[in-house]
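Student:
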Amino acid sequence: MQATRRAFLLGGAAAIAGTKLTEARTFASRPWGVAPSDRIAVGVIGCNGMGYSDLTSLLKLPEVECVALCDVDRNVLERRAQDVEQTTGTKPALYEDFRRILDDDNIDAVVIGTPDHWHCLQMVMACEAGKDVYVEKPMANSIEECRIMVAAAKRYDRVVQVGQWQRSGVHWDDAIKFLRSGKLGRIRTARAWAYMDWLPDIPNIPDEPTPAGVNYDMWLGPAPLRPFNRNRFHFNFRWFWDYAGGLMTDWGVHLIDIVLYGMDVTAPRSIIASGGKFAYPDDAEETPDTLQAIYEYEDFTMIWEHAVGIGLGPFQRDHGVAFIGNEGTLVIDRAKWEVFPETGTRNSAPYYKMEPVPTQRVRPGAAG
Numbered sequence: 000m001q002a003t004r005r006a007f008l009l010g011g012a013a014a015i016a017g018t019k020l021t022e023a024r025t026f027a028s029r030p031w032g033v034a035p036s037d038r039i040a041v042g043v044i045g046c047n048g049m050g051y052s053d054l055t056s057l058l059k060l061p062e063v064e065c066v067a068l069c070d071v072d073r074n075v076l077e078r079r080a081q082d083v084e085q086t087t088g089t090k091p092a093l094y095e096d097f098r099r100i101l102d103d104d105n106i107d108a109v110v111i112g113t114p115d116h117w118h119c120l121q122m123v124m125a126c127e128a129g130k131d132v133y134v135e136k137p138m139a140n141s142i143e144e145c146r147i148m149v150a151a152a153k154r155y156d157r158v159v160q161v162g163q164w165q166r167s168g169v170h171w172d173d174a175i176k177f178l179r180s181g182k183l184g185r186i187r188t189a190r191a192w193a194y195m196d197w198l199p200d201i202p203n204i205p206d207e208p209t210p211a212g213v214n215y216d217m218w219l220g221p222a223p224l225r226p227f228n229r230n231r232f233h234f235n236f237r238w239f240w241d242y243a244g245g246l247m248t249d250w251g252v253h254l255i256d257i258v259l260y261g262m263d264v265t266a267p268r269s270i271i272a273s274g275g276k277f278a279y280p281d282d283a284e285e286t287p288d289t290l291q292a293i294y295e296y297e298d299f300t301m302i303w304e305h306a307v308g309i310g311l312g313p314f315q316r317d318h319g320v321a322f323i324g325n326e327g328t329l330v331i332d333r334a335k336w337e338v339f340p341e342t343g344t345r346n347s348a349p350y351y352k353m354e355p356v357p358t359q360r361v362r363p364g365a366a367g
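Numbering (numbering that gives the first Met the number 0), first residue to last: 0 to 367.
(1) Rounded to whole angstroms, what is the Cα-Cα separation between V258 and A189?
(2) What would DSSP say about I100, mapped onto helix, strand or coil?
(3) If we count the other Cβ atoms within 10 Å of its Cβ and call it buried at 16 or more, is D249 buried or exposed?
(4) So if DSSP puts C69 in a beta bridge, which residue, or which two residues, is it bridged to?
(5) Thinking just about the alpha-carbon of each residue, which of V132, H253 and D115 is nearest to the one in H305?
(6) Does the distance from the CB of D288 to the CB of V307 come in under 8 Å?
(7) On the criterion of 16 or more Cβ atoms from any shown chain inside 10 Å, does K352 qualify as buried, or is it exposed?
(8) From V41 to Y260, what does the alpha carbon distance come to, in whole angstroms?
(9) Can you give me the C-alpha to C-alpha distance between I44 and N325, rounded to a whole angstrom?
(10) Going by DSSP in three states, A191 sits in which element: helix, strand or coil?
(11) Sorted by chain position, which residues of the same chain lie with C-beta nearer than 7 Å to E285's C-beta, five sequence neighbours on each side aside?
(12) How many whole angstroms separate the CB atoms of W303 and I255, which I take to be in contact at a CB cut-off of 8 Å?
(13) Can you tell me the Cα-Cα spacing of R79 and P223, whole angstroms?
(14) Rounding to the nearest angstrom, what Cα-Cα distance links E207 and A283 in this structure?
(15) In the DSSP output, which residue or residues are listed as bridge partners for T289?
(16) Where does C142 fall in DSSP's three states?
(17) Terminal residues of the continuous alpha helix (DSSP H) containing H233?
(18) Could you pull out every residue in the same chain whose Cβ sits closer than 8 Å to the Cβ of K90, ignoring the five residues on either side in sequence?
(19) In angstroms with no decimal places, state the Cα-to-Cα distance between G220 and T328.
(20) Among G212, A243 and I100, which one has its Cα closest to the Cα of G129?
(21) Is the CB-CB distance between Y155 and E127 below 8 Å?
(22) Within the chosen definition, does the region 192 to 203 reach the region 264 to 282 through at least 3 CB pairs nearer than 8 Å?
(23) Which residue from V75, Q291 and K59 puts its Cα closest to that of G368?
(24) Which residues in the same chain have their Cβ closer than 7 Å to the Cβ of I147, if we skip the five residues on either side of it in sequence?
(25) For W167 and D72, what's the separation of their Cα atoms in angstroms?
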């Protein structure tokens, strides 16, 4: 039996997230097994980077019809429109102003794939317009903004999901079940890390005129006004405080979330952090390329660390999460998880190693 529109909206965001776990596939025509009246009309706001990843996931869902695209870069917008038409045979409406999508009463839901500094305002306005929302991570750039977004979802009774897609992965869930089985003993420390050897330095280049086809004022939105600089635009927005929080909010938001999920905790009692620009001290980026943070909880400590220009992290992995207990340590990344028994203990956890899941290895920032 086909899902109703409302039921799909309640569960469909998880389906969108789940499609990220399969191998990337080329666009191809697909059968339409869902009546037009039961399809969810979706508009995508921000079609580059993660917005593009979300769009490709949407196009694999027969319950969804992508009816509108919005992007401030006309070059990006036209390429994504071709993808939609090639896949579905229909042409989406194209906008550079996201408010046009929100004004369309025929659109049920929106995907927000814009840079981080736009998330709060666009999500709140979408809820106010009666749209359900899938908003990319991080949810926002401050706790205050996050609270405003939660209040908006409740006030307007909207279905909202943040793009923490790792929670939709079967092997993540299996690892958490093992963690909660108690076989690791008491967890004293949890570690999460991202060592990104592939990230280059960002040269200091002069400002320049805005490229043709780019609505730069709309791209800036609530951020401070400043001249256009291509090294702050598109993918590189992540490394500048006006728009984002660097690797902490790019990868940390995913991996720290697994610790919070596994340990069933929320806010820590205290946090201390230390870091700086140690890999590329003279390049253009503003956020730390090297950072360690310690989160103190009631009965365990969480440690986050990231480093640019280094690829060998803890447990021989460039990214991952480790739950360190009295009887063993569980280590998990996006490919697999395994358990290392604690030597010298009578009740050590059994060794376990799963086969890697069949996913493409993708550039961390591009598919985060």
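Even for Gly, the Cβ is constructed at its ideal location relative to N, Cα and C.
Tutor: For this structure:
(1) 7 Å
(2) helix
(3) buried
(4) I44 and Y94
(5) H253
(6) yes
(7) exposed
(8) 29 Å
(9) 47 Å
(10) strand
(11) W238, F239 and W240
(12) 6 Å
(13) 28 Å
(14) 15 Å
(15) G275 and A306
(16) Reading off the sequence shown, one finds Ile at residue 142, where the question assumed Cys. Reduced to three states, the DSSP call for I142 is helix.
(17) Here H233 belongs to no alpha helix (DSSP H), and DSSP marks it neither H nor E.
(18) A80, V83 and E84
(19) 45 Å
(20) I100
(21) yes
(22) yes
(23) Limits of the chain in this structure are 0 at one end and 367 at the other, which puts residue 368 out of reach.
(24) C119 and V123
(25) Sequence inspection shows Ser at residue 167; the Trp mentioned does not correspond to that position. Cα to Cα, S167 sits roughly 31 Å from D72.
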